[in-house]
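In this note's numbering, the protein residues as written are 7 to 1021. Glycine is no exception: its CB is placed at the ideal position from the N, C-alpha and C atoms.
Quick look at the structure:
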């Protein structure tokens, strides 16, 4: 609600009127401040010296009260202009004046008392004693017949309530003031009444009241006289307020009333006021009408431009962007037509248009329109460069994807900033503008615009705050296009420039090297990376990566050379690798590559050295250390340094070599070193899943245990590992039997396990046992004879007993022979048959040789002899048959060779027994043959082997060493390994022969490693 308070002005007017009435002569003679002060002082002294009853006293104190009131009014006006050191406080004068009025009032003439009460009321009002003032004014309205005083009293009461915003009470008193006749302030009272109504929401009543004042000349004077001259200031105020209230309660006809009844000089101003009020209160349609009316009545183009600017703003609020743009363009034309600067900058059409465009922009911030862009373009075309307007125009064009337009606006702004009247623009503004151009180019994703923006910045930047960043961006664009390699020169420029930021120098170097990497130009990378590293070595923030990259490029070159099978070039290049500059993992890779390349070049010494360097490298991964040790073990093997090979192999984990293979290899090295390999063979048996290999290992273990004398114990430990390998168990049993005889654990194995007994080894042991039984029985039967001494007592009984025992022995011998035949063993059968033949013939002879009993007749003697013949003949026939069968066996041409082989083998002790038993039963010719078989009969298997080896040792130690040297110099030359193998074979070096055979097999199947790069 609009409130207009003018009570001070009214009170001052009333106060002056009363003062004139009471002391007209005083006002007529008033001159200057000093005269008034002098008079106040003089009258004050006079009053002080007058008796209270003095008849002159009342007139003097009234005069003094008037002067004090007047001075208070004057002082108040002075103080409103600024401090006044010599002035008396206004309220002090008013209080003194009130004191004098109170003293004089009782003696004042009745006709003048109302006027004095009015003056006292005004003074109380000014002192803030509103209740006292109302009481005084009420006294006048209730008791006085002075209509003028009554009207003034009602008016003053109305003003008091107006100030207190008690509008209805104010309205009541203003109405009474107007109704009272002889009202000199009727126009003013009507004006206040209008506002009282307005403040109560009676806008139409208020508007009518103000219009009645404007239409009534008598009311346009504060005196209210029809003859009075119009108060111009009051007229202007009423007209202006009417326009304001019309803004709150608008009708189109109000515009004509404002234009018709406003003072001539205020017509357009008031129309502007109502239009502005309508626009301010968002009465958009009414504002359009008002601004259009004003536009039509404005004589000057600059003023019409202002109206158009306002119309544009309202149309924007209505969403009529096209109409707004039309208004803006018309405003531009009117401004151009006016060719003058606007006196009122706040209403400058340029500022208004600018404000409208900015408001429009805010409304369309998320989605600007083409019309908005046109408005910005029009503004810039008419007014030239303006920082914010240009920037917004560029932004809007960019939002609309009109990149060419955006760039044109930006470029134009650049030219005006640098070359035009804005040439003195601060360099920072130019810098920011140029950087915005870069942002525009980036947003456009238009390579041409971005390149233009970059070139613009590089050429026109004064501070060059982002010179190197822009230079880098431009260079990077060349990198992305990759039309040629010119951008590489720019990258080098950045890297080498000490003025460029460190991070950009680093990025440029990285980009350069990345490009070379994409082209796989590792040789160039090596050179350039080392050069860049040297350049930036002392630069803060440089991490030193390029030195590492240079070394990576060396590794890549090495890998490429190897792929091309250029091992010499690869070896030469790997020598240039600088371990101190490289990453730890690349140092590992380089050493591994050295190992592999040297190995491929058959340079085992260099390979071993590289592997050793790798093995002692600190902080390496376990797998790399294992690799190094595995290679060192391998090269030690190739150099036939079996002690080193054994120690290194022993350290290798299963990830490098499976446990079984490792233990087998360790066993081999032990044998080659002349050490006991049993411990490794046992571990092999525990870890291997290859049953056939385990069987061989177990046999070797047992053989070695035989030397130390604990064979049976070892067999007990190992038999579980080959529990289903009956043949091998049989072999172990045979070895045990050979070593420990009838008390051996092997014999127990055969007896308790039928499967072992069925094996050839089991049969061999069993046959030997049978042969021993047969031999022992032969010894016992040989001792058996027939006692033919008839002179002894009971000789016949004794003879009968001997005969019976002898026959029983033959029965047993037949059983043993039958069992021997079942075995189908040649020796058993020959021995058994030969024993039968010999003993049968001997028994036959002994029977026939028995003495003739005494006291027999000749006939009895003949019968006795016949009976002896019958008794002996079967044994004769049996002997002949057995001998014939034995001779068949002896006639087999293979028996001698077979026996010779047995005597040379592992189980020679058993063969010796066979030979001995055969010697006992053989005929002379066969004995002669037996005598020639194996001159080492009876010697141990070890001594036999030794004798054999000594006989076969035809290669000298010198020749062996020379052959070994050849193999060491060319470890992958199979033919030289073969030569050494043949020599060792001749020398009977079984362990070495087995080793060389394995090495040849490995070389025939081996695939060498490939060196690593780092891509």
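Mind checking which residues open and close the alpha helix (DSSP H) that includes residue i?
i           : result
residue 439 : 433 to 450
residue 330 : 327 to 344
residue 581 : Counting along the chain, residue 581 falls outside any alpha helix (DSSP H), and DSSP gives it neither H nor E.
residue 208 : Premise fails: residue 208 is in no alpha helix (DSSP H) and is neither H nor E.
residue 858 : Premise fails: residue 858 is in no alpha helix (DSSP H) and is neither H nor E.
residue 693 : 684 to 693
residue 160 : 153 to 169
residue 997 : 996 to 1011
residue 112 : Per DSSP, residue 112 belongs to no alpha helix (DSSP H) and is neither H nor E.
residue 411 : 409 to 424
residue 252 : 238 to 254
residue 728 : No alpha helix (DSSP H) contains residue 728, which DSSP labels as neither H nor E.
residue 795 : Element bounds for residue 795: n/a, residue is neither H nor E.
residue 265 : 258 to 267
residue 547 : Premise fails: residue 547 is in no alpha helix (DSSP H) and is neither H nor E.
residue 663 : First-last for residue 663: undefined, no H or E at that position.
residue 65  : 63 to 87
residue 709 : 697 to 714
Does residue i pass the burial test, meaning 16 or more other C-beta atoms within 10 Å, or should it be called exposed?
i            : result
residue 1012 : exposed
residue 352  : Residue placement at residue 352 is poorly supported in this model, since its pLDDT is 47, which falls under 50; the coordinates are not used for a value here.
residue 968  : exposed
residue 894  : exposed
residue 921  : buried
residue 90   : exposed
residue 563  : buried
residue 696  : exposed
residue 925  : exposed
residue 342  : exposed
residue 44   : exposed
residue 362  : buried
residue 622  : exposed
residue 446  : buried
residue 26   : Below a pLDDT of 50, predicted positions are generally treated as unreliable, and residue 26, at 36, falls in that range; the measurement from the model is reported next regardless. Classification of residue 26: exposed, given that the 10 Å Cβ count is below 16.
residue 1001 : buried
residue 305  : exposed
residue 873  : exposed
residue 1009 : exposed
residue 980  : exposed
residue 897  : exposed
Below 8 Å between beta carbons: does that hold for residue i and residue j?
i            : j           : result
residue 128  : residue 150 : no
residue 1025 : residue 842 : This structure cannot settle anything about residue 1025, because the visible part of the chain is limited to 7 through 1021.
residue 713  : residue 724 : no
residue 794  : residue 857 : yes
residue 278  : residue 300 : yes
residue 771  : residue 739 : yes
residue 478  : residue 513 : yes
residue 132  : residue 100 : yes
residue 294  : residue 317 : yes
residue 364  : residue 315 : no
residue 547  : residue 585 : no
residue 223  : residue 242 : no
residue 834  : residue 826 : yes
residue 700  : residue 679 : no
residue 381  : residue 311 : no
Could you give the C-beta distance for residue i and residue j, rounded to a whole number, given that I count them as a contact under 8 Å?
i            : j           : result
residue 715  : residue 736 : In fact, because the Cβ distance is near 22 Å, the residues do not count as touching under 8 Å.
residue 577  : residue 607 : 6 Å
residue 1022 : residue 601 : The shown model of the chain, from 7 to 1021, leaves out residue 1022, and the question about it has no answer.
residue 157  : residue 183 : 5 Å
residue 568  : residue 603 : 7 Å
residue 619  : residue 597 : 6 Å
residue 166  : residue 140 : 6 Å
residue 49   : residue 68  : The pair is not a contact, with the Cβ atoms about 10 Å apart (cut-off 8 Å).
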